[in-house]
Every structure is written in structure tokens, then in C-alpha cells.
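Everything on this sheet refers to the single structure shown next.
Numbering (mature numbering (1 follows the signal peptide of the UniProt record, and there is no 0)), first residue to last: -24 to -1, 1 to 366.
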């Protein structure tokens, strides 16, 4: 076993010497865990380091993940689930307890830059939950302020685009009237604390619903005629940028030009049901590959050309326990064994599962992590992960 581990370590060194790692620079990744076959967080830490991915978004504050990335260069957005919002909105001490239990034990060793309070709350149409969002965000911000962390850790929330009434042309973007009463004070708070407004944007859904009306090239960032906004004469050659600028326009109607829009989720499934038109590995490779190139080039949208688009790709792995149509389980860039689902120019290294607890095995795994610039410690066996909600 010791000789085999030493051999694998040498292979890793060779891999790092030869592996191209520039394609992922500046890209964030969503690390969802609704699965029962994913590699342990300690192995994932090595994989992401080999890919040069330094920004990760979680849907919770999993201590196993945060510990595995301690003393690394990876920046984390951690999630505060929808199930906490109502209690925190009425009892701010619940937010303080959450911060003390989920954030404070890791903040000195792991780079936590944002707390995403809730995910796609407005899409739920639950008025009690929607009205709880802003008070919960304020409670979290107050808890951070009391600890002197409000400048180090940003408070934000992620939203689906369903709250838009109009998105075409982009300059005419508006919010649905019934949500303005919630969105106006929410945007005011974002402006007050200078935090970005996050959206989960999926051109795939628009194409799936209207494949005969929407050119595939337009949603996959391929050469196409595009469209010209008649109000601004700005040319759009992809749907994602049009969606972002439509949101900027909607935000402006509520009096704000001082809030940055960032994409907390976007991606394309490699497999889908019969009705999920366009869900193929070829299209997924084109979407994510072309998107990564735009991010690397620091491209901005037509209306915000000086602001490089900020993107977290969904997702790192296929998640086999996600409910819903087949596509929901096939957004990953990688299979759980670390093999790419398709080629987007990202070649990473996932260490083998190590079941031995011998001193030589522990030393070898720690050598792997040291080479990757990660914290070393006791051997963590690959025992699977608990389910985490996206």
C-alpha cells in the first residue's frame, strides 16, 4: 500500500507540472451535495485546487467542507437555508446563534466572503416566507456587525428570474407588480450595505420552452445574428447577457443604479427527459465552455461593459438524489468519480479513495494536500456525504 501511495503521489506531482490550469481562473462553482455517491470534501478540495477554481458556493455551511478547505485560497459563499428565515425574522438571536455555530468556528481558517440568505424565495409564492427574507437578512447583518465582520462577510440572497414581468427588450425590464412591495425595501437594503444582487439565470429553460422561436446559437454563445435593443441600439448576441441587463433595467425602475448584479447559478444539463429539448452533453459543453471563455476575457454585458460578468457555474457534480426531471440530476461538470461529463477544457485530479489508516497512508494524503496548498491533518475516510438542499 505504501509503495502504491508513493507512486500516486509522484503521478500527482507530474500531473500538476503538466496540467493547464488557466481556463478556470475567476470562475465560481456551485458545490451541491444532494447525492449519496459524492467524494469526500477532502478529496474535492484537491480536485478544485488542481482545477485552479478558487470560488465556491455552498447551499449550507457544511462544517466538513469548510474544514477541508481550511488554510486554502478558496473563497466561499455559504448558504443559510429557507427553513431558517421565518424564525430569524422574528427572533434575531436565532441569527446570532447561527453565526456563532456555523461561521465563527471557520472564519479564521477558511475564507468565507458571503452569506446567501435564502434561495429563490420569491419563486415559492409563499408570502410569509417572502416577507421574512429582508428581516432575516437584516438580522444576519446585525449579527455580523456585532462581531466586526460586516465588511469581511457580505450578506445577500439569490433569486430566480420569475419575478420579472418584462425582459424584452432588455432596456424595458420590469418587475411583476405584486412583488414590488417586497423588492423595493430589499433593493434599498442591498444599496445600503453595498452587497450584490444574485440571480439564478438559465437560458436553457427559455430554449426548452420555445425551441422553434429561440435560435440555439443565441443561448449557447455561438455566432448568430442576435438582436438589437430598439431603445438603446445595443446589440445582444446571447440570452444570458440580455437577461442580466433586463434585471439591471428593472432595478433601475425602482430607483437604483448602485447595485451590481451577479450570477449565482447558471448552467446547462447534459441529459434530460424527452420533453427537455436541448439537454445534451454537446450543448452543455458549448454553453459552459463558451461561458468560461467569456469570463476569462472579463466580458461585460452590453449595458455594463465596464463590469466583468461574475458567474458561479451550476454545478460541480451530477447529483443523483435531486428530485424533478432528469435534467436536475445532470448539471454537473464532473461525475462523482472525478471524470469530466464532457470536455470544457477543465482537467482536474481527484485522489483515490484511501481506506487505510496507517501512518504511511496518512502521510501520503497529507503530502497530496500540502502540494495543493491545503491544510493537512488526520486522514479523512471517504464515507459519503449527508444530503444538502440546493
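Glycine is no exception: its CB is placed at the ideal position from the N, C-alpha and C atoms.
For residue i, is the classification buried or exposed, using 16 other Cβ atoms within 10 angstroms of its Cβ as the cut-off for buried?
i, result
"residue 86", "buried"
"residue 135", "buried"
"residue 231", "exposed"
"residue 369", "Any property of residue 369 remains undetermined from this structure, which presents the chain solely from -24 to 366."
"residue 286", "buried"
"residue 84", "exposed"
"residue 12", "exposed"
"residue 439", "The first residue shown for the chain is -24 and the last is 366, placing residue 439 beyond what the model contains."
"residue 207", "exposed"
"residue 288", "buried"
"residue 187", "exposed"
"residue 154", "exposed"
"residue 221", "buried"
"residue 278", "buried"
"residue 327", "buried"
"residue 19", "buried"
"residue 101", "exposed"
"residue 73", "exposed"
"residue 225", "buried"
"residue 282", "exposed"
In chain order, what residues of the same chain have a beta carbon less than 7 angstroms from the beta carbon of residue i, not counting five sequence neighbours either side?
i, result
"residue 40", "17"
"residue 117", "126, 131 and 169"
"residue 142", "148, 149 and 150"
"residue 319", "261"
"residue 265", "320 and 321"
"residue 202", "194, 211, 212 and 213"
"residue 200", "191, 193, 194 and 213"
"residue 274", "284"
"residue 171", "130, 131 and 132"
When you compare the CB positions of residue i and residue j, do they come within less than 8 angstroms of one another, or not?
i, j, result
"residue 237", "residue 175", "yes"
"residue 163", "residue 227", "yes"
"residue 242", "residue 216", "yes"
"residue 248", "residue 191", "no"
"residue 34", "residue 64", "no"
"residue 178", "residue 254", "no"
"residue 37", "residue 71", "no"
"residue 292", "residue 267", "no"
"residue 123", "residue 61", "no"
"residue 75", "residue 297", "no"
"residue 139", "residue 152", "yes"
"residue 271", "residue 3", "yes"
"residue 312", "residue 14", "yes"
"residue 51", "residue 69", "no"
"residue 97", "residue 167", "no"
"residue 6", "residue 181", "no"
Which residue marks the beginning of the alpha helix (DSSP H) containing residue i, and which one marks its end?
i, result
"residue 103", "103 to 122"
"residue 73", "68 to 74"
"residue 228", "215 to 229"
"residue 241", "First-last for residue 241: 237 to 242, but that is the beta strand (DSSP E), not the alpha helix (DSSP H)."
"residue 257", "257 to 272"
"residue 192", "192 to 195"
"residue 43", "39 to 44"
"residue 19", "17 to 27"
Please list, in chain order, all residues of the same chain as residue i whose beta carbon is under 6 angstroms from its beta carbon, the five residues on each side excluded.
i, result
"residue 306", "245, 246, 247 and 294"
"residue 218", "146 and 212"
"residue 95", "134"
"residue 158", "106"
"residue 303", "245, 248, 252 and 255"
"residue 82", "42"
"residue 335", "Unreliable positioning characterises residue 335 in this predicted model, as indicated by a pLDDT of 48, which lies under 50. The coordinate reading is nonetheless provided below. Closer than 6 angstroms at Cβ, skipping near neighbours: no residue."
"residue 263", "196 and 244"
"residue 119", "71, 72 and 75"
Given residue i, which residues of its chain have a CB within under 8 angstroms of its CB, disregarding the five upstream and five downstream residues?
i, result
"residue 204", "210, 211 and 212"
"residue 103", "none"
"residue 317", "246, 257, 260, 294, 306, 308, 309, 310 and 311"
Going by DSSP, what residue range makes up the beta strand (DSSP E) through residue i?
i, result
"residue 88", "87 to 95"
"residue 55", "51 to 56"
Per DSSP, what are the beta-bridge partners of residue i in this structure?
i, result
"residue 158", "Per DSSP, none; premise fails for residue 158."
"residue 136", "176"
"residue 212", "203"
"residue 6", "33"
"residue 310", "293 and 316"
"residue 142", "150"
"residue 253", "None, per the DSSP bridge assignment."
"residue 287", "239"
"residue 277", "280"
"residue 131", "91"
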